[in-house]
Amino acid sequence: MIAGRNPALIALCRARLARRWGARLGWVGAILVGLAGLAAAPDLEVVEGSRALLGGTLRWACWLGAGPLLLSAVAAPAQRDRREGITTLAALRGAPPFQLALARALAVIIEATLRLGAPVLVLALSLLAQAAARPLDVAGVLAAVVVAGALLGAAAAVCGEAAGRRGLAVFLAVVGVPWALADFGIWPAISLPHLVGGVVAYLAEGRLLS
Numbered sequence: 004m005i006a007g008r009n010p011a012l013i014a015l016c017r018a019r020l021a022r023r024w025g026a027r028l029g030w031v032g033a034i035l036v037g038l039a040g041l042a043a044a045p046d047l048e049v050v051e052g053s054r055a056l057l058g059g060t061l062r063w064a065c066w067l068g069a070g071p072l073l074l075s076a077v078a079a080p081a082q083r084d085r086r087e088g089i090t091t092l093a094a095l096r097g098a099p100p101f102q103l104a105l106a107r108a109l110a111v112i113i114e115a116t117l118r119l120g121a122p123v124l125v126l127a128l129s130l131l132a133q134a135a136a137r138p139l140d141v142a143g144v145l146a147a148v149v150v151a152g153a154l155l156g157a158a159a160a161v162c163g164e165a166a167g168r169r170g171l172a173v174f175l176a177v178v179g180v181p182w183a184l185a186d187f188g189i190w191p192a193i194s195l196p197h198l199v200g201g202v203v204a205y206l207a208e209g210r211l212l213s
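Note that the numbering used here has the sequence shown beginning at 4, numbered continuously upward.
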């Protein structure tokens with residue numbers, strides 16, 4: 004029985020992750036990003052503006068929605084599960100440690116994608132209702148949400164599993180620092196943030212990232 008066919012194990016990992024401070028703070032951030040997008044939506048008069056707004060909303064959701072969740076998820080997840088008896092419980096139910104690790108990774112990906120997708124989806128539906136966005140644009144940004152959630156969630160899961168107690172430091176070095184540099188217009192050419200930024204730019208905004 005693999006984790007992908009064990010929804011109960013994934014649900015357990017998601018529930019444990021959802022109780023952490025970062026997961027709750029991430030929902031607060033996602034709500035604020037969504038409200039900001041809705042506040043800006045009535046001022047749009049052209050479809051190109053809506054695409055830029057959707058892409059910008061997704062970028063902010065990466066920082067304020069998924070960001071806190073990911074920072075919580077990378078903090079020695081395997082050690083925490085062993086300490087709290089989850090590893091033993093999973094083993095008693097027939098799930099060895101590698102299956103529990105896969106379930107934790109899927110939980111991070113799912114929860115990150117939800118925090119990215121919620122504000123973007125609400126904004127996209129609002130823009131569609133105003134005829135300020137095309138269905139194809141909405142499909143593109145939702146595809147970007149899925150890809151960004153998978154990439155960021157997988158990166159956090161790998162850092163947490165591989166680096167253990169140093170998972171947070173490794174994740175910040177791999178993702179946080181390059182992304183902070185990007186905010187100053189310095190995109191590291193070979194980095195996960197550059198890849199995610201390129202996905203958002205292409206799928207959500209219909210342009211190539213320079």
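Note that the Cβ used here is the ideal one computed from N, Cα and C, for glycine as well.
Keep in mind the model is a prediction, meaning the values are calculated, not measured.
### Query
How should residue 182 be labelled, buried or exposed, when 16 other C-beta atoms within 10 angstroms of its C-beta is the threshold for buried?
Translated into positions along the sequence shown, residue 182 becomes position 179. Label assigned to residue 182: buried.
### Message
Can you find the residues in the same chain that come closer than 6 angstroms, C-beta to C-beta, to residue 171, ignoring five residues on each side of it along the sequence?
### Response
On the sequence shown, residue 171 is found 168 positions in, with the first residue counted as 1. Once the five neighbours on either side are set aside, the close Cβ partners of residue 171 are 77 and 78.
### Message
To the nearest angstrom, how far is the alpha carbon of residue 126 from that of residue 91?
### Response
Your numbering for residue 126 matches position 123 in the sequence shown. Your numbering for residue 91 matches position 88 in the sequence shown. Using only the alpha carbons, I get a separation of about 43 angstroms.
### Query
Applying the criterion that 16 or more other CB atoms from any shown protein chain within 10 Å of the CB defines a buried residue, is residue 142 buried or exposed?
As a position in the sequence shown, residue 142 is number 139, starting the count at 1. Label assigned to residue 142: exposed.
### Task
Compare the beta carbon distance of residue 23 and residue 69 with 8 angstroms and say whether it is the shorter of the two.
Reading the sequence shown from its first residue, position 20 is the one you call residue 23. Reading the sequence shown from its first residue, position 66 is the one you call residue 69. No, Cβ-Cβ distance for residue 23 and residue 69 is not below 8 angstroms.
### Message
Applying the 10 Å Cβ sphere with the 16-neighbour rule, what's the burial state of residue 101?
### Response
Counting from 1 along the sequence shown, the entry for residue 101 is found at position 98. Residue 101 is exposed by the Cβ-count criterion.
### Query
How would you call residue 62, buried or exposed, if buried means at least 16 neighbouring beta carbons within 10 angstroms?
Taking the sequence shown and counting its residues from 1, the one referred to as residue 62 is at position 59. Buried, by the Cβ-count rule.
### Supposed close pair residue 173, residue 196 - CB separation, criterion 8 angstroms
In the sequence shown, counting from the first residue as 1, residue 173 sits at position 170. In the sequence shown, counting from the first residue as 1, residue 196 sits at position 193. Residue 173 to residue 196, Cβ: 15 angstroms. No contact.
### Query
Would you say the segment 132 to 150 touches the segment 102 to 110, given that touching needs at least three Cβ pairs under 8 angstroms?
no
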